[in-house]
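Encoded as structure tokens, the structure appears first; notes follow it.
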Amino acid sequence: MKKYLVSTAAAAALALGLSAASASAQEVDPNAKPGGDIVITYKDDVATLDPAIGYDWQNWSMIKSLFDGLMDYKPGTTELVPDLAESYEISPDGKTFTFKLRPGVKFHNGREMTAEDVKYSIDRVVNPVTQSPGQGFFASIKGYEEAAAGKADGLSGITVVDPSTIRFELTRPDATFLHVMAINFSHVVPKEEVEKYGADFGKHPVGTGAFKLGEWTLGQRVVFEKNPDYWHKGLPYLDKITFEIGQEPIVALLRLQKGEIDVPGDGIPPAKFQEVMNDPAQKARVVEGGQLHTGYVTLNVNVPPFDNVKVRQAVNMAINKERIVQLINNRAVPANQPLPPSMPGYAKDYKGYPYDPAKAKELLAEAGQADGFTTDLYVMNTDPNPRIAQGIQQDLAAIGIKANIQALAQANVIAAGGEKEGAPMIWSGGMAWIADFPDPSNFYGPILGCGGAVPGGWNWSWYCNEDLDKKAAEADSIVDPAKAEERNKMWSDIYVKIMEDAPWAPVFNEQRFTMKSPRMGGADNLYVDPVHIPINYDHVYVNDVQ
Amino acid sequence: MIAYLARRIVQSILILIGISAITFALLYLLPADPVRQIAGRSATPATVESIRRQLGLDQPFLVQYGRYLWNLLQGDLGRSYIQRSEVSQLIVARLPATLLLMIGAIVCELLIGLTMGLVAAVRRGSRTDDSLMVASFIGVSAPQFVVGLLLLYVFAVRLSWFPIGGYGTFSHLVLPSLTVGIMGAGWYARMMRSSMIDVLYQDYIRTARAKGLDRLTILVRHALPNAILPIVAMVGIDIGILMGGIVVVESVFGWPGIGQLVWQAIQRVDIPIIMGVTLVSAFAIVLGNLLADIVAPFIDPRIKLR
């Protein structure tokens, strides 16, 4: 029987159909000097450091430094590599995944991590008592329904074969399963510590990660200290990271300019962006990179006249995306499809709808709307979103569509989008989809698939194409890492097909700009790491270590 | 006196319960669904419903409020939806910072306001008086967000006299206290001026002057104490006004108090924190007013507590 047996480095390369010649997963940077400490600032409190609970971009990356999962990504890339797993094996039907654990990995409390801990951690996330937002990621594992409803003690599909081997049985072949094993929700926690702290585990995190929690003064600072027993020898480079909390982005920038901090975690405030970029000295310390983000206008297919595909296409051709990107100081690139360019499966050759108001007007006329119509454009009420909405409003006015802007608080926009005929158009800014993991399927299910077109869902265009749903399921059943390229192609086709129906007008993909102090070292892609925002704490270092 | 106190305390408790009911109702009526905030965007509808049940948010309003009140009477403010820690813990950790800022602000407003008022009263009608009163007007009307950033820019960034935001030492305290205090100082300057003018026209001041005392002695020994007392009694009432300013100023200066806590909670619909901070501030305001009323008759014997 043929099995896909893969180990460490080659695995990821295969999984994404890349060259198998890539180097060892987490090599040590020869230029890095160990030691030193850095200061990162944030405006908001760190909510929780419990990997089962934490789900905002701020604690996401912090949790990754305290905990590890079976899988991870090569630093600075979207390339999957085994992490706590040493190797894994996928059955030919794509329904059984067996992981061999790395030996000698210790939790911060000194105990060795075993397969039991992996099982416990995932059972815990699925258990409704935990109230984990990540429960649904494990839906393809056998026994999920019972466990998620609280009717079973754990997932029957997870078997501890021996202390260093764990097997997952799925109800369907799931090509995204390795990504699921890399997200924070599947990171491994020690049972005894979770039981000791109960609901407060998020304030007393204990994992296997590169750093351990040193100090947490509520509302003021969180300090990470180097884990001297980290299984990956040579990492991390830094001895200490101090996260200072409660600092407005503008204040953080001033402090960076005075050399008091190393990275402003919330980025460069929009009002100061031009000033920073016009100063060569400061600009040199800004790293720009892509983001797994798309900003789009949803067109509700239940609300006339958006039920007519020609009207939706007309909207796509009416919006001058270049100009909208200028409105936000060129902090984005124009988009023509749902997937962002840095996502595998992005259709490079697809041209999208051109900016062509004349053609848009023709389409409107063909749809019987030659005189235009009046509608509502919902938008979140924080800058720059109302400004962007005004730009869209002007573009639409040029072809005769009078869009009234409804600027509301985030939660209210989300609520309107989740109603069947709640919002004719929504500008997604501030609520836009950012991928949970770098896989093309991640932009489909909840936001463009039939499953999301339900009351309270995130598919705000209420687009539901059962044919595409089937194709999506088909693509996700291609588990063989060797066929990854074929699978990505299928996803490209799905998104191009979606664009023919135009339930969205994709507008732009936001770029990330991370500013750092002159003493910070490490490759640029660590500062715009697609899965670590703002930076990859485990791999950066400082140049002024004595 | 004891009957009065008892009545006032009962009243205060009723006010607090009323505030809790109104705040709870307003937050309940909010179209924002806190469960969506907790569950995040990837959660399946089943997960959302499961979390809603776990938190008891599927219950009718009265059951939810009744449960909250019952826990509150036992001193339990609940757990934050987002941070998942005890609200009381979060508030207790941040309360000292807010109290410190409040004391700093009161010292600032009294120091600046009373001095300005005193000088204006003594120089009544002069150009000094006019400019001081214009300054006090600006102080009252300037948005604290702007004042804060301005002070930060001038004294911390350009002149480097003070740290750029943060918490810990006395020098961290100066700029935020000043920012909150400037508004109050405007009010106190105006009150102090009229109170002082009032006193200066009293008969006993004329008598003192007739006795041949020098101007300074009259001002400091005879006029000032009488002019200041009714104003100092106002400080208790001030707490309410200060609370409003503190939310903004704590955010600008990165001051780790309860104002910053509630500001973040509002943005994330973290209802237990919003409720908790509202109740704690309401308690402070009610207490401040009660103290102001109790102190009043000691300062001015014409006031009687009934």
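Protein chains in written order, with this note's numbering: chain A, 124 to 669; chain B, 221 to 526.
We put the CB at the ideal spot given by N, CA and C, even for glycine.
Just so it is clear, the structure is predicted and the values come from calculations on it, not from any experiment.
Per the C-alpha coordinates, the member of A:K543, A:Y501, A:A437 positioned closest to Q529 of chain A is A:Y501. By the beta-carbon neighbour count (other beta carbons within 10 angstroms, threshold 16), N659 of chain A is buried. The C-beta distance from N439 of chain A to A628 of chain A rounds to 5 Å, short enough to fall under 8 Å. The residue from A:Y478, A:R247, A:P477, A:G553 with its alpha-carbon nearest to that of R510 of chain A is A:G553.
Residue-level contact check: L293 of chain B does not touch chain A, since none of the beta carbons of chain A fall below 8 Å from its beta carbon. Taken through DSSP and simplified to helix, strand or coil, S210 of chain A comes out as strand. For P256 of chain A, the nearest CB of chain B lies under 8 Å from its own CB, placing it at the interface with that chain. In the three-state reduction of the DSSP assignment, A362 of chain B falls in the coil class. Ranked by Cα distance from V228 of chain A, the options A:P351, A:Q516, A:Y178 are led by A:P351. With a cutoff of 8 Å on beta-carbon distance, I368 of chain A and D168 of chain A are scored as near each other. A direct Cα-Cα distance of roughly 47 Å separates K471 of chain A from I494 of chain B.
Scanning chain B for C-beta atoms nearer than 9 Å to the C-beta of W581 of chain A yields R261, S262, reported in chain order. With respect to G159 of chain A, V668 of chain A sits close: the two C-beta atoms are nearer than 8 Å. Between Y243 of chain A and K319 of chain A, the CB-CB gap reaches or exceeds 8 Å. At a cut-off of 8 Å between beta-carbon atoms, G325 of chain A makes contact with chain B. With respect to chain A, the C-beta atom of Q364 of chain B has no partner C-beta closer than 8 Å. Annotated as distal: F190 of chain A and P205 of chain A, with beta-carbon spacing of 8 Å or more. Ranked by how close their Cα comes to the Cα of I233 of chain B, the residues B:D350, B:L510, B:L310 have B:L510 in first place. Per DSSP, reduced to three states, the secondary structure at K433 of chain A is helical. At least one beta carbon of chain A lies nearer than 8 Å to the beta carbon of Y387 of chain B. In terms of Cβ geometry, P569 of chain A and N582 of chain A form a close pair [threshold 8 Å]. A straight-line Cα-Cα distance of about 4 Å links G508 of chain B and G456 of chain B.
Per DSSP, P492 of chain B lies in no beta strand (DSSP E) segment; the continuous alpha helix (DSSP H) that holds it begins and ends at 491-519.
In this structure, DSSP gives P153 of chain A a state outside helix and strand, which the three-state scheme calls coil. Sequence-ordered contacts of the region 231-253 of chain B with chain A read L250, P251, A252, D253 [C-beta pairs closer than 9 Å]. The C-beta separation of V467 of chain B from A443 of chain B comes to about 38 Å, leaving the pair out of contact by the 8 Å criterion. In the structure shown, the three-state DSSP call for G337 of chain A is strand. In the DSSP assignment, D389 of chain A falls outside any alpha helix (DSSP H), carrying neither H nor E.
Per DSSP, reduced to three states, the secondary structure at N527 of chain A is strand.
At a cut-off of 8 Å between beta-carbon atoms, A322 of chain A makes contact with chain B.
The continuous stretches of alpha helix (DSSP H) do not include V420 of chain A, which lies in the beta strand (DSSP E) extending over residues 418-422. When DSSP states are grouped into helix, strand and coil, P457 of chain A belongs to the strand group.
A Cβ of chain A is located within less than 8 Å of the beta carbon of S471 of chain B.
Segment contact: the region 267-275 of chain B against the region 562-576 of chain A, fewer than three CB-CB distances shorter than 8 Å; contact not assigned. Scanning its chain for C-beta atoms nearer than 8 Å, with the 5 sequence neighbours on each side dropped, one finds around F324 of chain A the residues D173, V312, E316, V317, in chain order.
Its chain contains A155, P157, Y664 as the residues whose beta carbon lies nearer than 6 Å to that of Y360 of chain A, once the 5 sequence neighbours on both sides are disregarded; these appear in chain order.
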